[in-house]
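Let me begin by presenting the structure, written as structure tokens, before commenting on it.
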Amino acid sequence: MLPPKTHPKWKELVCGKLKVTFTLLATKFFVTRVTGRAKIDPSMENINRLIDEAYAFFKKNEKLAQKDIQAIFGQEPK
Amino acid sequence: MRAILSVEEVEALITAGEKLLLAGDEDLLRRLPKGDWVGGTIPYFIAETGGLMTREKIFASALPPEVTTFETHFYNEQQLPRIVVDEPNHGFSFVIIPAFTRVHQSFAENVQNYPGVFERPLIGWVSGVALDQIGKRTPKVVDGRTGQWSEDGAVCLHANLRENVAAEIGIVNPFVQGNGDTITVDHSGFKITNAYVNGERVNLAEYFVTHDIGGRLPLVANYSGAMVNVSIKSVNRGEKSVEFYAPLFPNIDYRLAVPVEDYEAAFAREIGKICAEPSLSMNCILNYVYGRLEGKRTGDFTGPITFGEIAYGLLNQTLVYMVLRNT
Chain A
1 MLPPKTHPKW KELVCGKLKV TFTLLATKFF VTRVTGRAKI DPSMENINRL IDEAYAFFKK
61 NEKLAQKDIQ AIFGQEPK
Chain B
1 MRAILSVEEV EALITAGEKL LLAGDEDLLR RLPKGDWVGG TIPYFIAETG GLMTREKIFA
61 SALPPEVTTF ETHFYNEQQL PRIVVDEPNH GFSFVIIPAF TRVHQSFAEN VQNYPGVFER
121 PLIGWVSGVA LDQIGKRTPK VVDGRTGQWS EDGAVCLHAN LRENVAAEIG IVNPFVQGNG
181 DTITVDHSGF KITNAYVNGE RVNLAEYFVT HDIGGRLPLV ANYSGAMVNV SIKSVNRGEK
241 SVEFYAPLFP NIDYRLAVPV EDYEAAFARE IGKICAEPSL SMNCILNYVY GRLEGKRTGD
301 FTGPITFGEI AYGLLNQTLV YMVLRNT
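Top to bottom, those sequences are chains A and B.
Once you know that position 40 of the first sequence is 40 in my numbering, the rest is easy, because the numbers rise by one and skip nothing.
Once you know that position 92 of the second sequence is 92 in my numbering, the rest is easy, because the numbers rise by one and skip nothing.
This is the structure:
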């Protein structure tokens, strides 16, 4: 189960502050896009929108991206 | 099943009700009956025996048995973002786009901005023609269900998968970023005049000429661990611009690739890391030409040699594949 959007790792992810190794190609492309957008517009409104996008991406790919989810949130995401 | 077959063999498969993704010379594809297939024009392939160019055979990839149903649609330039909207909730989408068209350019420049594009698997390739036929014949795509052809629209097959199976798209790139200068741009495009080298504004063509860049090495960007190539098409000294086979994007750091001496060995090394049988695979015409892949194998990763590979977005000099995973 994905952590709620209020989990601080979501913000770290979209702001490019997480240094983790991703496995899924889709994750690598997706993270590059959202971190690029966060650099262009770091307003809270945009960051929250990007967190919504990130949550939707991992929700949709929760099974295939399990390794990436664990890399972001640790072994037991809560 | 992925194999290079005669027209008669493909015809028999279509008649038997096989669901096929086809690649071949236009004249061969036009001889096929209607049925459950989509196709694109190209006469270059990596077969089990190695790379080859032939106008006598068609490369056929059967849709895996895990595909339950599928739909096919054409998309013009304005309709392209609908590809993502039409993607099945649980499955994958396979697109073929004719090269040198507005659809090709628009897809490459804008696909990363299609909402939700990375949420569901999108794979495909850019159709082409024999290299000596560029400018004489046009790349095309065809929907075998209707018999409709197009030279300016994309054909896409949206496949639903049975539960507990998911499609994963991957790439095999023989190139990695070198340690040289970092090149960035402030706007996206296939054609670049001014860029930034280590933050300093330069004319890119002059920079490439000065540094003897413009041959077979692509620029490489690191997309959070995925190496993404942009191949150099031409350095135009008169226009003082550089043309690429895919767009450069702002906020991405590009560096010239490390040279690859032996493409076959480089592919074998990277393919060896993949522990799965590919359901689909395609490679790049530039790898075929620059890497002299004629007669050389790339393991089980057989398929068409294309004018561009699609793994969510347009890639260059890269092998793209899809595997099915139990979930």
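We put the CB at the ideal spot given by N, CA and C, even for glycine.
If you follow the alpha helix (DSSP H) that residue 60 (chain A) is in, where does it begin and where does it stop? 44 to 60
Simplified DSSP assignment, three categories, for residue 383 (chain B): With chain B running from 1 to 327 in the structure shown, residue 383 (chain B) is simply not present.
Against chain A, does residue 274 (chain B) count as a neighbour if the rule is that its beta carbon must be under 7 angstroms from one of theirs? no
Distance cutoff 7 angstroms, beta carbons only. Does residue 34 (chain A) sit that close to anything in chain B? no
For chain A, is any of its Cβ atoms less than 7 angstroms away from the one on residue 224 (chain B)? yes
Can you pull out the residues from the stretch 144 to 174 of chain B whose beta carbon lies closer than 8 angstroms to at least one beta carbon of chain A? If the cut-off is 8 angstroms between Cβ atoms, the stretch 144 to 174 of chain B has 166, 168, 169, 170 and 171 near chain A.
Below 9 angstroms on C-beta distance, what does residue 184 (chain B) contact in chain A? Correct list: empty, because the minimum Cβ distance to chain A is about 12 angstroms.
In whole angstroms, what is the alpha-carbon distance linking residue 181 (chain B) and residue 255 (chain B)? 6 angstroms
Quick one: Cα of residue 36 (chain A) to Cα of residue 58 (chain A), how far? 18 angstroms
Per DSSP, residue 10 (chain A) is paired with what? Answer is none; residue 10 (chain A) lacks a bridge partner.
Run through the DSSP bridge pairs and tell me what residue 320 (chain B) is partnered with. B:171 and B:282
Is there a Cβ of chain B sitting closer than 7 angstroms to that of residue 25 (chain A), yes or no? It does; some Cβ of chain B falls within 7 angstroms.
Which same chain residues, not among the five before or five after residue 208 (chain B), have their C-beta less than 7 angstroms away from its C-beta? Cβ within range, chain order: 214, 235 and 242.
List the residues of chain A whose Cβ lies closer than 8 angstroms to the Cβ of residue 327 (chain B), in chain order. Near residue 327 (chain B) (Cβ distances below 8 angstroms), the residues of chain A are 63 and 64.
Here's the rule: buried if 16 or more other CB atoms are within 10 angstroms of the residue's CB, otherwise exposed. What is residue 199 (chain B)? Classification for residue 199 (chain B): exposed.
From A:22, A:74, A:34 and A:21, residue whose alpha carbon lies closest to that of residue 55 (chain A): Nearest C-alpha to residue 55 (chain A): A:34.
Whose Cβ in chain A lies nearer than 8 angstroms to the Cβ of residue 251 (chain B)? In chain order: 36, 39 and 40.
Could you spell out where the beta strand (DSSP E) holding residue 91 (chain B) opens and where it closes? 91 to 98
What does a CB cutoff of less than 8 angstroms around residue 350 (chain B) pick up in its chain, not counting 5 residues either side in sequence? The question about residue 350 (chain B) has no answer here: the residues shown for chain B are numbered 1 through 327.
How about residue 94 (chain B) and residue 150 (chain B): are their beta carbons less than 7 angstroms apart? no
On the three-state DSSP scale, how would you describe residue 40 (chain B)? strand
Please check if any C-beta of chain B sits within less than 7 angstroms of the C-beta of residue 28 (chain A). yes
Spatial neighbours of residue 279 (chain B) within its chain, please: CB distance less than 7 angstroms, with the 5 preceding and 5 following residues excluded, ordered by chain position. 64, 322, 323 and 324
What are the residues that DSSP puts in a beta bridge with residue 67 (chain A)? For residue 67 (chain A), which the question treats as bridged, DSSP gives no partner whatsoever.
Residue 38 (chain B) versus residue 108 (chain B): straight-line alpha-carbon distance, rounded: Residue 38 (chain B) and residue 108 (chain B) have their alpha carbons spaced roughly 21 angstroms apart.
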